[in-house]
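> Below: one structure in structure tokens.
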Amino acid sequence: MTVTTVSIQAPDTQRIRGLEMPWNRVLQASGDAAGAAHALGPWHPQEFTAECVEVIPDLGDIMTFVFRRTDGAPLAFRPGQYLNFAFPVNGEDEDPLDRSYSISSAPTEPWTFSISVKRDHMGQVSPWVHENVRPGTVLDVLGPVGAFHLPDVERRARFLFLAAGAGITPIMSMLRTIHSLPGQADVVVLYHGAQAGQFAFAKELEYLASVDERIQVFWSLGDRNAPEKWEWMLGRLTSQMIEQVAPDANGRQVYACGPEGYLNNAAELLKQIGVDETSIHMEFFSGDRKTLLEYQQEVAIAEELAGELADDIADSAEDFYESQPVALELYEPAFDKDGPLEAAGLPLEVAEGGAFPDETTGGDSVADGSAAKAEPAGPADDSAFKTVGEGTLTLSFLKTGLKVKINPDQKILPIAKSAGVRIATNCQEGMCGSCKVVKVSGEIEMNHQGGIRAREVAAGKFLACCSTAKTDLVIDA
Numbered sequence: 001m002t003v004t005t006v007s008i009q010a011p012d013t014q015r016i017r018g019l020e021m022p023w024n025r026v027l028q029a030s031g032d033a034a035g036a037a038h039a040l041g042p043w044h045p046q047e048f049t050a051e052c053v054e055v056i057p058d059l060g061d062i063m064t065f066v067f068r069r070t071d072g073a074p075l076a077f078r079p080g081q082y083l084n085f086a087f088p089v090n091g092e093d094e095d096p097l098d099r100s101y102s103i104s105s106a107p108t109e110p111w112t113f114s115i116s117v118k119r120d121h122m123g124q125v126s127p128w129v130h131e132n133v134r135p136g137t138v139l140d141v142l143g144p145v146g147a148f149h150l151p152d153v154e155r156r157a158r159f160l161f162l163a164a165g166a167g168i169t170p171i172m173s174m175l176r177t178i179h180s181l182p183g184q185a186d187v188v189v190l191y192h193g194a195q196a197g198q199f200a201f202a203k204e205l206e207y208l209a210s211v212d213e214r215i216q217v218f219w220s221l222g223d224r225n226a227p228e229k230w231e232w233m234l235g236r237l238t239s240q241m242i243e244q245v246a247p248d249a250n251g252r253q254v255y256a257c258g259p260e261g262y263l264n265n266a267a268e269l270l271k272q273i274g275v276d277e278t279s280i281h282m283e284f285f286s287g288d289r290k291t292l293l294e295y296q297q298e299v300a301i302a303e304e305l306a307g308e309l310a311d312d313i314a315d316s317a318e319d320f321y322e323s324q325p326v327a328l329e330l331y332e333p334a335f336d337k338d339g340p341l342e343a344a345g346l347p348l349e350v351a352e353g354g355a356f357p358d359e360t361t362g363g364d365s366v367a368d369g370s371a372a373k374a375e376p377a378g379p380a381d382d383s384a385f386k387t388v389g390e391g392t393l394t395l396s397f398l399k400t401g402l403k404v405k406i407n408p409d410q411k412i413l414p415i416a417k418s419a420g421v422r423i424a425t426n427c428q429e430g431m432c433g434s435c436k437v438v439k440v441s442g443e444i445e446m447n448h449q450g451g452i453r454a455r456e457v458a459a460g461k462f463l464a465c466c467s468t469a470k471t472d473l474v475i476d477a
């Protein structure tokens, strides 16, 4: 059958003004703002387990993993936030490795949620995730976390999204959310990739731009050579590029995510074309920019509204759900004396048609390299340790065999590193969990942003990047 189509000018879609997240109306209908936020409470980091239900390969060495909570509850989050996962890279009997990944799905479909992981061939965790996380895999999760997200209400929803490489993942959450909501919006996306034909989510982005007149997508190949038929932009991000796709950029809220160099460049370019600093939102996982203040403010608001930190919320989950308004009772999992019950439903089985091949490798191939489990060191005689630095308190590092002087107002990580103590680092903002060490004795004060779990704190672990010493410390590092 042949179908002849004729181009017809369709009338403009009529929409309500602005964008409003669906939960905002529930909050406003649930009494005063503080009480409403406490009743719903979705933005506080919680500890829970989630099972993988789908694995979707994508372009650009990215793989999307779809999860659902094992307690049957939806995951409430803001588009752009991230989750911290504990991956048993070195086996179930070893300490897991924590990594944070942006949520790429929309919170308007909360019964499942997804992360999209780019494989780093030189890394330890992402290759393991690509090779081992399959439907049925259950992981410990902490979150949601992060101040990089769309507002709950935006009367003048005009956005410019800048993404490079894997930085597209939180932007996808934002785009999917906007597409699912009614309301006027004007969204421009400028997406930089390394290779033509390897832009992750390319088909979906093209689809969104074709069916939603509120969304425009532009592509650039960075500094790579363009193929013969390439019709889009070429070269690294420039002010001319930004002005070409969004001449009114200084009237938009800008959300940018990508490698550090890309974001440093974007910040300078946006400043040059007159975009106010308050309108620029960037997802940095490094310590060179002052995004830490935003995270601290968000955690402080959570403490004020909910009256407890994330660890306390996890310990009192039943009270947390019982306080929800009637409109949200369908979100409540069942409980017994030990906490939320695992949801009952259709047994999870991998579908035969799209099943992954049976794994035939042995246990030794699970990790990139197995390390012996480090047992917390017991009391040790540090009298022979060399002492360096200046300060009123002493940090004794057992493995290094060194004493480091420190003042109570100084963060432990930079002082330890300057003295030559080897502690892994990444974000330096209490989010990623890389600098986790064991405290053998002494007291610390820690202000983390979701990078450590309650049970780890109870076991004596802490994050060196966001901790200060209250007394002399003995540290297993």
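So in the UniProt record's numbering, the last spot in the sequence shown is 477, and the numbers never skip. For each residue, glycine too, the CB sits at the ideal point set by N, CA and C.
(1) Determine the direct distance from the alpha carbon of residue 153 to that of residue 552, and round the result to whole angstroms.
(2) Assess, as a yes-or-no matter, whether the stretch 194-204 is touched by the stretch 128-138 under the definition of 3 or more beta carbon pairs within less than 8 Å.
(3) Taking residue 22 as the reference, give the member of 440, 393 and 150 with the closest Cα.
(4) By alpha-carbon positions, which one of 211, 442 and 171 ends up nearest to residue 103?
(5) What is the residue span of the beta strand (DSSP E) that residue 139 lies within?
(6) Span of the beta strand (DSSP E) holding residue 16?
(7) Closest to residue 146 by CA distance: which of 83, 428, 262 and 421 is it?
(8) What first and last residue would you give for the beta strand (DSSP E) that runs through residue 281?
(9) Please identify the residue among 477, 444 and 79 whose C-alpha is closest to the C-alpha of residue 437.
(10) Are there 16 or more other CB atoms within 10 angstroms of the CB of residue 155, so buried, or fewer, so exposed?
(11) Closer than 6 Å by C-beta to residue 220: which residues in its own chain qualify, once you throw out the five before and the five after it? Chain order, please.
(12) Can you round the beta-carbon distance between residue 157 and residue 136 to whole angstroms, since I take them to be within the 8 Å contact cut?
(13) Run the CB neighbour count on residue 453, radius 10 Å, all protein chains shown included, and call it buried at 16 or more, exposed below.
(14) Any idea what DSSP makes of residue 96, helix, strand or coil?
(15) Hey, residue 439 and residue 475: beta-carbon distance below 8 Å or not?
(16) Nearest-angstrom Cα distance between residue 384 and residue 450?
(17) Who are the near neighbours of residue 237 in its chain, counting only those whose CB is closer than 8 Å to its CB and skipping five residues on each side?
(18) Does the separation of the CB atoms of residue 139 and residue 175 fall below 8 Å?
(19) Going by CA-CA distance only, name the one from 74, 239, 58 and 121 that's closest to residue 50.
(20) Using three-state DSSP, classify residue 273 as helix, strand or coil.
(21) Suppose the cutoff is 8 Å on Cβ atoms and the five residues either side in sequence are ignored; what does the same chain contact list for residue 55 look like?
(22) Would the beta-carbon of residue 142 fall within 8 Å of that of residue 213?
(23) Taking the alpha carbon of residue 258 as the reference point, which residue from 100, 283, 419 and 272 has its own alpha carbon closest?
(24) Please report the straight-line C-alpha distance between residue 99 and residue 456, rounded to a whole angstrom.
(25) Given residue 408, which residues of its chain have a CB within under 8 Å of its CB, disregarding the five upstream and five downstream residues?
(26) Taking the C-alpha atoms as reference points, what is the distance between residue 271 and residue 396?
(27) Strictly by DSSP, which residues pair up with residue 46?
(28) Straight-line CA distance for residue 435 to residue 418?
(29) Roughly how many whole angstroms lie between the Cα atoms of residue 119 and residue 14?
(30) Give the C-beta separation of residue 253 and residue 159 to the nearest angstrom, bearing in mind that I take them to be a contact with Cβ-Cβ under 8 Å.
(31) Leaving out five residues before and five after residue 16 in sequence, what residues of the same chain have Cβ atoms less than 6 Å from its Cβ?
(32) What number of angstroms, rounded off, separates the C-alpha of residue 124 from the C-alpha of residue 90?
(33) Would you mind sorting residue 202 into buried or exposed? The rule is 16 or more other CB atoms within 10 Å of its CB.
(34) Determine the extent of the alpha helix (DSSP H) in which residue 233 is found, giving its start and end residues.
(35) Within its chain, find whatever has a CB closer than 6 Å to the CB of residue 42; leave out the 5 residues flanking it on each side and keep chain order.
(36) Using only the alpha-carbon positions, how far apart do residue 88 and residue 465 sit?
Checking against the coordinates, here is how it stands:
(1) There is simply no residue 552 to check, as the chain begins at 1 and stops at 477 in what is shown.
(2) At 8 Å Cβ cutoff, the stretches do not touch.
(3) Here residue 22 refers to the residue found at position 22 when the sequence shown is read from its first residue. For residue 22, the closest of 440, 393 and 150 by C-alpha to C-alpha distance is 150.
(4) Sequence index remark: in the sequence shown, residue 103 carries index 103 (1-based). With distances taken between CA atoms, residue 103 lies nearest to 171 out of 211, 442 and 171.
(5) Position 139 of the sequence shown, counted from the start, is the residue given in the question as residue 139. Where residue 139 is concerned, the enclosing beta strand (DSSP E) stretches over 138-145.
(6) Taking the sequence shown and counting its residues from 1, one reaches residue 16 at position 16. It is not in any beta strand (DSSP E) - residue 16 carries neither H nor E in the DSSP assignment.
(7) Translated into positions along the sequence shown, residue 146 becomes position 146. Distance check between residue 146 and each of 83, 428, 262 and 421 places 83 closest, using alpha-carbon atoms only.
(8) Taking the sequence shown and counting its residues from 1, the one referred to as residue 281 is at position 281. 280-283 is the span of the beta strand (DSSP E), which, as asked, contains residue 281.
(9) The residue given as residue 437 occupies position 437 in the sequence shown. With respect to the C-alpha of residue 437, the residue from 477, 444 and 79 having the closest C-alpha is 477.
(10) Residue 155 sits at position 155 when you count from the first residue of the sequence shown. Under this definition residue 155 is an exposed residue.
(11) Taking the sequence shown and counting its residues from 1, one reaches residue 220 at position 220. In the same chain as residue 220, and ignoring 5 residues on each side of it, the C-beta atoms closer than 6 Å to its own belong to 192 and 233, in chain order.
(12) Here residue 157 corresponds to residue number 157 of the sequence shown, with the count starting at 1. Here residue 136 corresponds to residue number 136 of the sequence shown, with the count starting at 1. Not confirmed; about 39 Å, so no contact.
(13) By one-based count along the sequence shown, residue 453 stands at place 453. Per the 10 Å Cβ criterion, buried.
(14) If you number the sequence shown from 1, residue 96 lands on position 96. Of the three classes helix, strand and coil, the one that applies to residue 96 here is coil, per DSSP.
(15) Start at 1 with the first residue of the sequence shown, and residue 439 comes out as number 439. Start at 1 with the first residue of the sequence shown, and residue 475 comes out as number 475. Taking 8 Å as the Cβ cut-off, residue 439 and residue 475 qualify as a contacting pair.
(16) Against the sequence shown, residue 384 aligns to sequence position 384. Against the sequence shown, residue 450 aligns to sequence position 450. For residue 384 and residue 450, the distance between alpha carbons rounds to 37 Å.
(17) Residue 237 sits at position 237 when you count from the first residue of the sequence shown. So the qualifying residues of the chain are 162, 164, 190, 192, 220, 262, 265, 266 and 269.
(18) Start at 1 with the first residue of the sequence shown, and residue 139 comes out as number 139. Start at 1 with the first residue of the sequence shown, and residue 175 comes out as number 175. No, these two residues do not count as a Cβ contact at 8 Å.
(19) If you number the sequence shown from 1, residue 50 lands on position 50. Considering only 74, 239, 58 and 121, the residue with the shortest C-alpha distance to residue 50 is 74.
(20) On the sequence shown, residue 273 is found 273 positions in, with the first residue counted as 1. Residue state, collapsed to three classes: coil.
(21) In the sequence shown, the residue the question calls residue 55 occupies position 55. A distance below 8 Å between beta-carbons, with the five flanking residues on each side excluded, links residue 55 to the following residues of its chain, in chain order: 63, 64, 65, 66, 133, 134, 135 and 356.
(22) Here residue 142 refers to the residue found at position 142 of the sequence shown. Here residue 213 refers to the residue found at position 213 of the sequence shown. Residue 213 sits away from residue 142, with the two beta carbons spaced by 8 Å or more.
(23) To locate residue 258, count along the sequence shown from 1; it is residue 258. Of the candidates 100, 283, 419 and 272, 283 places its Cα closest to the Cα of residue 258.
(24) Taking the first residue of the sequence shown as position 1, residue 99 is located at position 99. Taking the first residue of the sequence shown as position 1, residue 456 is located at position 456. Approximately 15 Å, taken between the alpha carbons.
(25) Stepping through the sequence shown from its first residue, residue 408 is reached at position 408. For residue 408, where only same-chain residues beyond five positions count, the Cβ hits under 8 Å are 392, 393, 468, 469 and 470.
(26) Position 271 of the sequence shown, counted from the first residue, corresponds to residue 271. Position 396 of the sequence shown, counted from the first residue, corresponds to residue 396. Linking residue 271 to residue 396 through their CA atoms gives a straight-line distance of about 45 Å.
(27) Position 46 of the sequence shown, counting from 1, holds the residue named residue 46. The partner list for residue 46 (beta bridge, DSSP) reads 143.
(28) The residue labelled residue 435 in the question sits at position 435 within the sequence shown. The residue labelled residue 418 in the question sits at position 418 within the sequence shown. CA-CA distance, residue 435 to residue 418, rounds to 15 Å.
(29) Residue numbering aside, residue 119 sits at position 119 when the sequence shown is read from its first letter. Residue numbering aside, residue 14 sits at position 14 when the sequence shown is read from its first letter. When rounded, the distance between both Cα atoms is 42 Å.
(30) One-based indexing of the sequence shown puts residue 253 at position 253. One-based indexing of the sequence shown puts residue 159 at position 159. About 5 Å separates the two Cβ atoms, so the contact holds.
(31) The count along the sequence shown starts at 1 and reaches residue 16 at position 16. Contacts found: 182 and 183.
(32) Translated into the one-based positions of the sequence shown, residue 124 becomes position 124. Translated into the one-based positions of the sequence shown, residue 90 becomes position 90. Cα to Cα, residue 124 sits roughly 10 Å from residue 90.
(33) Locating residue 202 in the sequence shown gives position 202, counting from the first residue. With a 10 Å radius around the Cβ and a threshold of 16 neighbouring Cβ atoms, residue 202 comes out buried.
(34) Locating residue 233 in the sequence shown gives position 233, where the first residue counts as 1. Residue 233: not part of any alpha helix (DSSP H); DSSP gives it neither H nor E.
(35) Taking the first residue of the sequence shown as position 1, residue 42 is located at position 42. Because the pLDDT of residue 42 is 48, which lies under 50, any placement of that residue in the model is unreliable, and the number read from its coordinates should be weighed accordingly. If we look at residue 42 and ignore the five residues flanking it on each side, its Cβ neighbours are 76.
(36) Residue 88 sits at position 88 when you count from the first residue of the sequence shown. Residue 465 sits at position 465 when you count from the first residue of the sequence shown. Straight-line measurement puts the Cα of residue 465 at about 23 Å from the Cα of residue 88.
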